[in-house]
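Colleague: Residue numbers (this note's numbering): 28 to 584.
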Amino acid sequence: MASNSQDLLIIGGVAAGMKAAAKARRESPAMRIAVVTDEPYISYAGCGMPYFIGNVIKDSKKLILREPPYFKHMHNIDVFTRHQATAINITSKQVSVRDLEKKSDLTLSYDKLIIATGAQPIIPPLPGISLDNIFTLRTVSDVLRIRACVDSGKVKNAVIVGGGLIGMEMTENLVLRGIKVTVVELLDQILPPLDKDMAMLVQKHVMEKGVGVITSDGVKSFAGNGGDAVTTVITGKQKLPADMVILSIGIKPNTKLAQESGIVTGISQSIKVNERMETNVPDVYAAGDCAESVHLVTGKPAWVPLGSTAAKMGRVAAINATGGNDTFQGVLGTLIAKVFELNVGKVGLSEREALKEGFEVESAIVPAGDKSHYYPETKDIIIKLIADKTTKKLLGAEIVGEGVVDKRIDIIATALTFGATVDQISKLDLAYAPPYAMSMDAIIVAANVLGNKLSGKTVGILPSRVAERRDRGEEFVVLDVRTEMEYKGGHIKGSKHIPLDKLASRTQELDGSNEIIIYCRAGLRAAHAYRILKNAGFSNVKYMDGSILAWTYGLEK
Ligand SMILES: Cc1cc2nc3c(=O)[nH]c(=O)nc-3n(C[C@H](O)[C@H](O)[C@H](O)COP(=O)(O)OP(=O)(O)OC[C@H]3O[C@@H](n4cnc5c(N)ncnc54)[C@H](O)[C@@H]3O)c2cc1C
């Protein structure tokens, strides 16, 4: 090791650690900076790993953004791979380090320390868990093992345990490799950060791709049919053939080292930091997946381990550790993922989370085109906006669709950061030309729909609630106002059909004492029909949010 006395020592060499190292060097050209990491690789793109398995990214070297010699030659930073920090003495400002190759120990002293130890996958202690071909995906070593297993050509069936974001990305990429995939999820929906109605849109799409999705069922054990490798996954309800298993049931922060050193942890055992990324111990900072944050909507501590957050936290920690002053304000849990042809994004609180936080919630599900409807490549996106009924402030958004989702998620992220109301969002001056948006962007349309609900101008009902109430045998009329051809192509079971252009002259066919729930394809005609019926004196009328595009409970012809 170059010197056992460092001005800045960083533990962990991926997103947060290497961002911190590079930024610290830019801030302080003369400082002695070193990074220790227990892995053989540094500065790699964990987020790109599923695409290497799917052979979308062909060369594993592309995942490794920088190697230790680069940091030495370009930044004069010493990076020590396969060196594990085993203890931090916060009084003497020393870190005990184990050289995993030489099997020897050394002690490094520091003036400032940044802990960027990240997180690790949760591995459930189930019978058969140590059989071969049961993998987690976190590191470069993991991805190389999984890729080799897939490349062997012996994997016909794979089971993904856990239907979260990584589970979904792995599903798509294994299907790309010609593997039959089944996802097993303990909850009653995949993609737990999303509300069920939005997650169901993704589930339907995934199943249309031939993927088996089993929800409300947990894995109990793995069996190997007498051999070393897994052959069967046994859930609470069934046995699934499996030549390969990917465990993606969640991660936990790597904070044992910090905890044992007297550094305080908070939510989900992540390291408590202030907005300067300082821990409770002077001169010790934490950043990335091992560190706690603050949720910008609730103002409460939050642990949202994401690469985008890790890099920003690492930067702030570096600035402060080198004598500067910067702050990391918090997170919105902003996420985006590609699941086959769908783009799936979320920012802020879901409706479920908002209710749990005690907000009085109003929400709207609104399908819209991502570009002008007449433009050739226009695709639908389905937006769910969630707002606080009292303050009329937006709380969160979820967007699913084949069209452009990321820009709308980022618009909402910006709006949420500045505490915008639904009304303010509906008046944003967003860019427009036919290849990019409708003249009123989908976000503005959605904000207008939610604004109408918030002001009591219209009353909507979520498709999931219509399905629940129908399943409970509740009495109400479901009115389809699409054309004859659309109706014949598939409609909600038991719905009455009156096309919008005939509705005003056929209102006598409807009984005003009944509750009437209207739908069309995307919501616009249902909104017109709502107004027609209201004007005709019908009092108990609602339109179904998102109409057929958001209905995932089957159609009859
Ligand atoms: C498959 C996959 C897909 C992802 N996709 C996305 C995405 O699309 N968008 C997004 O924002 N995020 C994504 N993420 C999350 C993102 O990769 C992480 O948030 C990010 O890697 C966190 O960086 P980090 O530096 O905090 O921690 P880590 O990447 O966990 O790095 C910490 C490093 O510290 C090392 N270490 C731990 N303890 C010690 C010790 N005692 N001594 C020495 N070294 C130690 C670890 O071995 C590791 O090398 C994805 C993650 C995975 C696995």
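C-beta: ideal position from N, C-alpha, C; glycine also.
1. Answer yes or no: do LYS523 and VAL504 have a C-beta to C-beta separation smaller than 8 Å?
2. Using DSSP with H/G/I as helix, E/B as strand and the rest coil, what is VAL331?
3. Buried or exposed for PRO219, please, with buried defined as at least 16 other CB atoms from any protein chain shown within 10 angstroms of its CB.
4. Drop a sphere of 10 angstroms on the beta-carbon of ARG52, count the other beta-carbons inside from all chains shown, and report buried for 16 or more, exposed for fewer.
5. Are ALA338 and TYR312 close, meaning C-beta to C-beta below 8 Å?
6. What is the residue span of the beta strand (DSSP E) that ALA112 lies within?
7. Hey, would you say ILE413 sits closer than 8 Å to ALA395, going by beta carbons?
8. Out of LEU36, ALA43 and GLU368, point me to the one whose CA is closest to VAL427's CA.
9. Which partner residues does VAL272 have in the DSSP bridge list?
10. Let me check understanding here. Comparing Cα to Cα, which of ALA318, ASN103, SER377 and GLY500 lies closest to ILE294?
11. Write down every uninterrupted run of the alpha helix (DSSP H) in the stretch 408-461 whose length is 4 residues or greater and which is fully enclosed by it, in chain order.
12. Should HIS100 be labelled buried (16 or more other beta-carbon atoms within 10 Å of its own) or exposed?
13. Take LEU133 and list the residues in its own chain whose beta-carbon comes closer than 7 Å to its own, dropping the five residues that flank it on each side.
14. In whole angstroms, what separates the C-alpha of ILE38 from that of TYR580?
15. Hey, quick one: how far does the alpha helix (DSSP H) through LEU560 stretch, first residue to last?
16. If you draw a straight line from the C-alpha of ASN103 to the C-alpha of GLY145, how long is it?
17. By Cβ distance below 7 Å, which residues in the same chain neighbour HIS555 in space, the five residues on each side in sequence not counted?
18. DSSP on GLY341, reduced to helix/strand/coil?
19. Could you check what DSSP says for GLY315 in three-state terms: helix, strand or coil?
20. Count the other CB atoms, across all protein chains shown, that sit within 10 Å of the CB of LYS590; report buried if there are 16 or more and exposed otherwise.
21. Distance, Cα to Cα, LEU135 vs GLN121?
22. With which residues is TYR546 paired in a DSSP beta bridge?
23. With a Cβ-Cβ cutoff of 8 Å, do CYS547 and VAL486 count as a contact?
24. So, with DSSP's three-state summary, where would you put ALA51?
25. For ALA577 and ASP224, what's the separation of their Cα atoms in angstroms?
26. Does MET340 pass the burial test, meaning 16 or more other C-beta atoms within 10 Å, or should it be called exposed?
27. What are the complete alpha helix (DSSP H) segments, minimum 4 residues, inside the stretch 197-270?
28. Please report the residue range of the beta strand (DSSP E) in which ARG125 lies.
29. Residue range of the alpha helix (DSSP H) that PHE98 falls in?
30. List the DSSP bridge partners of GLY396.
31. Taking only the alpha-carbon atoms, compute the straight-line gap between HIS518 and LEU506 and give it to the nearest angstrom.
32. Return yes when the C-beta of MET195 is under 7 Å from any heavy atom of ligand 1, and no when it is not.
33. Going along the chain, which residues of its own chain have a beta-carbon closer than 6 Å to the beta-carbon of ASP626, five neighbours each way excluded?
34. Closer than 7 Å by C-beta to ILE488: which residues in its own chain qualify, once you throw out the five before and the five after it? Chain order, please.
35. Could you check what DSSP says for ASP572 in three-state terms: helix, strand or coil?
36. Give the secondary structure of THR336 by DSSP, where H, G and I count as helix, E and B as strand, and everything else as coil.
Modeller: This is what the structure holds:
1. yes
2. coil
3. buried
4. buried
5. no
6. 110-116
7. no
8. GLU368
9. ILE161 and VAL186
10. ALA318
11. 433-444 and 449-453
12. exposed
13. MET28, ASN31, VAL124 and ASP126
14. 50 Å
15. 551-562
16. 24 Å
17. LEU527
18. helix
19. helix
20. The shown model of the chain, from 28 to 584, leaves out residue 590, and the question about it has no answer.
21. 5 Å
22. ASP507
23. no
24. helix
25. 8 Å
26. buried
27. 223-235
28. 121-126
29. 95-102
30. ASP407
31. 10 Å
32. no
33. With the chain covering 28 to 584 only, the question about residue 626 has no answer from this structure.
34. ILE544, LYS569, MET571 and ASP572
35. coil
36. helix
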